[in-house]
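Novice: This is the structure I want to talk about, given as structure tokens.
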Amino acid sequence: MTASWDAVQRVLDRAAVLVAFNQIGGASACLEMATAYAKERHAFGRAIGSFQAIKHRLADIYITTELARSNAYFGAWALETDAAELPLAAATARVSATEAGYFAAKENIQVHGGIGFTWDMDCHLFYRRAKHLGLVLGSARHWKDRVVTELSMRNAA
Numbered sequence: 013m014t015a016s017w018d019a020v021q022r023v024l025d026r027a028a029v030l031v032a033f034n035q036i037g038g039a040s041a042c043l044e045m046a047t048a049y050a051k052e053r054h055a056f057g058r059a060i061g062s063f064q065a066i067k068h069r070l071a072d073i074y075i076t077t078e079l080a081r082s083n084a085y086f087g088a089w090a091l092e093t094d095a096a097e098l099p100l101a102a103a104t105a106r107v108s109a110t111e112a113g114y115f116a117a118k119e120n121i122q123v124h125g126g127i128g129f130t131w132d133m134d135c136h137l138f139y140r141r142a143k144h145l146g147l148v149l150g151s152a153r154h155w156k157d158r159v160v161t162e163l164s165m166r167n168a169a
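Below is the structure:
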């Protein structure tokens, strides 16, 4: 039974890295969409992108997305080289990509304001996709527990 579960876990680790890249693509698309809207939408005589609150939201999306991208590259390296760090790298990539995808989708709606909640904009599609991908291959809690387990095993050795 343990050998079978180990094989399943190896498949999940590999899939987690690939799904993480999908989530990062969604987060990047949300950043591009929010940035474009902030440049074209005007309020009080100027583009809303010139307001500090909007700039901070966009910067936060960028930071979480790039952090997730870095973790996903680590996972891709571990996957390509079949490194011993693959379980930790996959779990880390999965956690950070899930958080980045959801955060970017949520902030994209906020940057769009009231119209972001309507069917006129595609913000809701990215939000639903982020929520869905966050549950594929297990919940965020599962992958966070996996990070803790892998680090505990590493420190015990």
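The number in the working numbering is simply the position in the sequence shown, starting from 1, with 12 added.
Backbone N, C-alpha and C define an ideal beta-carbon position, used for all residues, glycine too.
(1) Look at the alpha carbon of Thr93 and the alpha carbon of Ile121, and state the distance between them as a whole number of angstroms.
(2) Grouping DSSP H, G and I as helix and E and B as strand, with all else coil, what is Arg58?
(3) Identify whether Asp94 lies in helix, strand or coil by the three-state DSSP scheme.
(4) Rounded to the nearest angstrom, how far is the Cβ of Ala103 from that of Arg158, given a contact under 8 Å?
(5) Once DSSP output is grouped into helix, strand and coil, what is the label at Ser164?
(6) Classify Met45 as buried or exposed, calling it buried when 16 or more other Cβ atoms lie within 10 Å of its own Cβ.
(7) Please state the DSSP three-state secondary structure of Leu24.
(8) When you compare only the Cα positions, how much space is there between Leu145 and Gly57?
(9) Spatial neighbours of Ala50 within its chain, please: CB distance less than 8 Å, with the 5 preceding and 5 following residues excluded, ordered by chain position.
(10) What are the start and end residues of the alpha helix (DSSP H) that includes Arg53?
(11) Out of Gly128, Leu149, Val148, point me to the one whose CA is closest to Tyr139's CA.
(12) Is the beta carbon of Gly38 sitting closer than 8 Å to the one on Arg141?
(13) In whole angstroms, what is the alpha-carbon distance linking Tyr74 and Ala101?
Specialist: Looking at the atomic coordinates:
(1) For the purposes of this step, residue 93 is taken as residue 81 along the sequence shown, with counting starting at 1. For the purposes of this step, residue 121 is taken as residue 109 along the sequence shown, with counting starting at 1. When rounded, the distance between both Cα atoms is 39 Å.
(2) The sequence position of residue 58 within the sequence shown is 46, counting from 1. Three-state result, Arg58: strand.
(3) As a working mapping, residue 94 is identified with position 82 in the sequence shown. In this structure, Asp94 counts as coil in the three-state DSSP scheme.
(4) As a working mapping, residue 103 is identified with position 91 in the sequence shown. As a working mapping, residue 158 is identified with position 146 in the sequence shown. Between Arg158 and Ala103 the Cβ distance is about 4 Å, and since that is below 8 Å, they are a contact.
(5) For this step, residue 164 is matched to residue 152 along the sequence shown. DSSP places Ser164 in helix when its eight states are reduced to three.
(6) As a working note, residue 45 is residue 33 in the sequence shown. So Met45 counts as buried.
(7) Here residue 24 refers to the residue found at position 12 of the sequence shown. Looking at Leu24 - three-state DSSP - the assignment turns out to be helix.
(8) For the purposes of this step, residue 145 is identified with residue 133 of the sequence shown, where counting begins at 1. For the purposes of this step, residue 57 is identified with residue 45 of the sequence shown, where counting begins at 1. Approximately 39 Å, taken between the alpha carbons.
(9) Taking the sequence shown and counting its residues from 1, the one referred to as residue 50 is at position 38. The answer, listed in chain order, is Ala59, Ile60, Gly61, Ile66, Leu70, Val123.
(10) In the sequence shown, residue 53 corresponds to position 41, counting from 1. Annotation: Arg53 is outside any alpha helix (DSSP H) and is labelled neither H nor E by DSSP.
(11) Reading the sequence shown from its first residue, position 127 is the one you call residue 139. For Tyr139, the nearest C-alpha among the options comes from Gly128.
(12) Working through the sequence shown from its first residue, we reach residue 38 at position 26. Working through the sequence shown from its first residue, we reach residue 141 at position 129. Result yes, Cβ atoms of Gly38 and Arg141 sit closer than 8 Å.
(13) Counted from its first residue, the sequence shown places residue 74 at position 62. Counted from its first residue, the sequence shown places residue 101 at position 89. Cα to Cα, the separation comes out at about 21 Å.
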